[in-house]
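So the protein lines, in turn, are chains R and G. Taking the working numbering, I'd label the letters of the first sequence as residues 4 to 318. Taking the working numbering, I'd label the letters of the second sequence as residues 4 to 318. Where a beta carbon is used, it is the ideal one built from N, C-alpha and C, also for glycine. Remember, predicted model here, so these are calculated numbers, not experimental data.
There are 2 protein chains.
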Amino acid sequence: MFYIGVDLGGTGIKAGVVDEKGEIRAKASCPTGVERGYGPVIADMAKLCLEALEKSGHTLDEVKSIGIGIPGIQDPATGLVPFCTNLGWHQVPLVSEMRKYIDKPVYVGNDATVAGLAEAVAGVSAGVGTSVFVTLGTGVGGGIIIDGKPYSGPHGVASEIGHMMTVVGGELCTCGNRGCWERYASATAIIREGRKFAEAHPDCAIAKAVGGDLDKIEAKTVIDLAKAGDPDAAMLFDNYVTHLCVGLVNLINLYDPEIIALGGGVSHAGQFLLDAVNAKLPQMVFYKTMPYARVELARLGNDAGIIGAAMLGAN
Amino acid sequence: MFYIGVDLGGTGIKAGVVDEKGEIRAKASCPTGVERGYGPVIADMAKLCLEALEKSGHTLDEVKSIGIGIPGIQDPATGLVPFCTNLGWHQVPLVSEMRKYIDKPVYVGNDATVAGLAEAVAGVSAGVGTSVFVTLGTGVGGGIIIDGKPYSGPHGVASEIGHMMTVVGGELCTCGNRGCWERYASATAIIREGRKFAEAHPDCAIAKAVGGDLDKIEAKTVIDLAKAGDPDAAMLFDNYVTHLCVGLVNLINLYDPEIIALGGGVSHAGQFLLDAVNAKLPQMVFYKTMPYARVELARLGNDAGIIGAAMLGAN
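Structure below.
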């Protein structure tokens, strides 16, 4: 049997036919066009599913289910998508709408949860029952896998790990609270601190790297300079890693996963990031002499969205 | 069938015979005498089990298993109790030692986890699949119940919710980190802040309530004055509730339970505490228009240890 996975984002839709091992057999994609409203977007999603299926050389009879990863959540009580800010969606009947086009079971999951499931099936957390996937991007998202299954909680609002408050009274977050972890552990945090530092120190290497145009400072600017040994960038990166580790330790103290997989833009810092995390984390975990989660880099990159969405139906 | 539950604490041991509904049929207890080492303590635990059984009028044939709640954890890899600070235990073979005396399956769980299980079986969280029990005592402990089962994680170190860092760089914790939630949400935190305030304001109502002997300030001193409308105590209590809610919101964002049950000394503040929490929490949760955990008072009090330990074998 095969599973179709759809990765629905604010700019693009991707669909893929995935086998039982989590390997993509064929893909198709198109722009989202959110301004059209949910009807045409969902029609396009169905079209992409059939397009990918045709490319794969398989038929609908061989498809068990369709899974959709969305930048939001589905309310398990109503079966509706209550809101997706990026899509402008509000109380959208995604499942029933999708089934108008293809008569297969449809599963919906949060995009970070789905990426975590992909890593658990076919990525760095494969073979491991309990894992947490952490995306370090514009924000911080999380995918919790417990005993091989994605965990979203009874109301579907679990795994909002980026909005775990770690610095009470700290930076104001988009959610209205202060001190959410994502204000300190996202790529956005590195950019903010890099710009702040460069503003105060116009002669620093960070400012020079962008020719004085501080708006051009990216997370990569700071990370690359830290890698190259620039002491200011190294200090900013070290501070970032401390905050990252605070949240990771909280995840360990609460979920005790076997693996924490780091994905998203910041994870492209690779072994440099892992080394920094592994230098700090052991002193911060509660049970210092007991085994605890290994921190690893996620492996599936952009395909995680399709694979994980598809695997929602395999659970 | 019946289940025997043992509540092993630093000062006393309690054992009880519990039926399938989580009701205690008979109890027995004795002092722990930790200074004797683990051998005699475990022998006493077995003796109490048989004593409670005899009192209950039932026989060992009717007992399915023995469960033990400990102020520590069991390492699922070794089956040993790696350490219990309160008991001076280090790598103790609790299960095998216990089975020398009574040939029944023996299950071991953390005391807060076990109390959470008790509330889920016979207390405020009965009938609810996913709940979190939070003890607000000297420290802050947690019992995570997912789909009716206690969740301790693959290494057994999950649910150390009191050591979730919420105030990076804050108060130094016994665990070596700074800003752990229990530094702000425990009874100890209320006492600390109450004493600090009374020291700075010797004429305040808190200082007067203890006749100027600030060592006598308890959490109850501050809470009772807050209840009575003293503005200083109310301010301290309000600050406490804010920190409490930070952790509760983190639990909601991570576990999304149906119920969060508050137990431990501070929970004796009762409806006054619940009202204060429910006034703050709605503004702090991430998904403001979605249903989320109800916060309730735990119901089983001191019996939770016996009931929950017993129920370890019913899962």
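Best match in the options for proximity to residue i [C-alpha to C-alpha]
i	options	result
residue 279 of chain R	R:257, R:251, R:258, R:317	R:251
residue 306 of chain G	G:14, G:13, G:26, G:6	G:26
residue 300 of chain G	G:70, G:272, G:286, G:289	G:272
residue 277 of chain R	R:150, R:161, R:119, R:230	R:230
residue 99 of chain R	R:69, R:235, R:124	R:69
residue 31 of chain R	R:249, R:302, R:118, R:19	R:19
residue 265 of chain R	R:244, R:257, R:23, R:11	R:244
residue 71 of chain R	R:56, R:52, R:88	R:52
residue 89 of chain R	R:139, R:192, R:255, R:75	R:75
residue 179 of chain R	R:310, R:167, R:190	R:167
residue 38 of chain G	G:21, G:218, G:224, G:14	G:14
residue 261 of chain G	G:268, G:234, G:148, G:8	G:148
residue 285 of chain R	R:274, R:275, R:298	R:298
Proximity test, Cβ basis, 9 Å: residue i and chain R
i	result
residue 141 of chain G	no
residue 132 of chain G	yes
residue 87 of chain G	no
residue 170 of chain G	yes
residue 265 of chain G	no
residue 155 of chain G	yes
residue 261 of chain G	yes
residue 36 of chain G	no
residue 20 of chain G	no
residue 317 of chain G	no
residue 286 of chain G	yes
residue 281 of chain G	no
residue 196 of chain G	no
For residue i, three-class secondary structure by DSSP
i	result
residue 143 of chain R	strand
residue 23 of chain R	coil
residue 251 of chain G	helix
residue 264 of chain R	strand
residue 299 of chain R	strand
residue 111 of chain R	strand
residue 168 of chain R	strand
residue 127 of chain G	coil
residue 18 of chain G	strand
residue 149 of chain R	strand
residue 191 of chain G	helix
residue 320 of chain G	Residue numbering for chain G in the displayed model covers 4 to 318; residue 320 of chain G lies beyond these limits and cannot be assessed.
residue 160 of chain G	coil
residue 245 of chain R	helix
residue 134 of chain G	strand
Any chain G beta carbon closer than 9 Å to residue i
i	result
residue 192 of chain R	no
residue 220 of chain R	no
residue 314 of chain R	no
residue 166 of chain R	yes
residue 173 of chain R	yes
residue 289 of chain R	yes
residue 52 of chain R	no
residue 257 of chain R	yes
residue 148 of chain R	no
residue 253 of chain R	yes
residue 78 of chain R	yes
residue 294 of chain R	yes
residue 99 of chain R	no
residue 113 of chain R	no
residue 128 of chain R	no
residue 188 of chain R	no
residue 161 of chain R	yes
residue 245 of chain R	yes
Residue i, enclosing beta strand (DSSP E) - first and last residue
i	result
residue 6 of chain G	5 to 11
Endpoints, alpha helix (DSSP H) assigned at residue i
i	result
residue 278 of chain R	274 to 287
residue 230 of chain R	222 to 230
residue 181 of chain R	Unbroken run through residue 181 of chain R: none, as it is neither H nor E.
residue 215 of chain G	Unbroken run through residue 215 of chain G: none, as it is neither H nor E.
residue 98 of chain R	97 to 102
residue 308 of chain G	307 to 314
Sequence ranges, beta strand (DSSP E) only - wholly within the region 26 to 92 of chain G, length at least 3: 27 to 34, 66 to 73, 84 to 87
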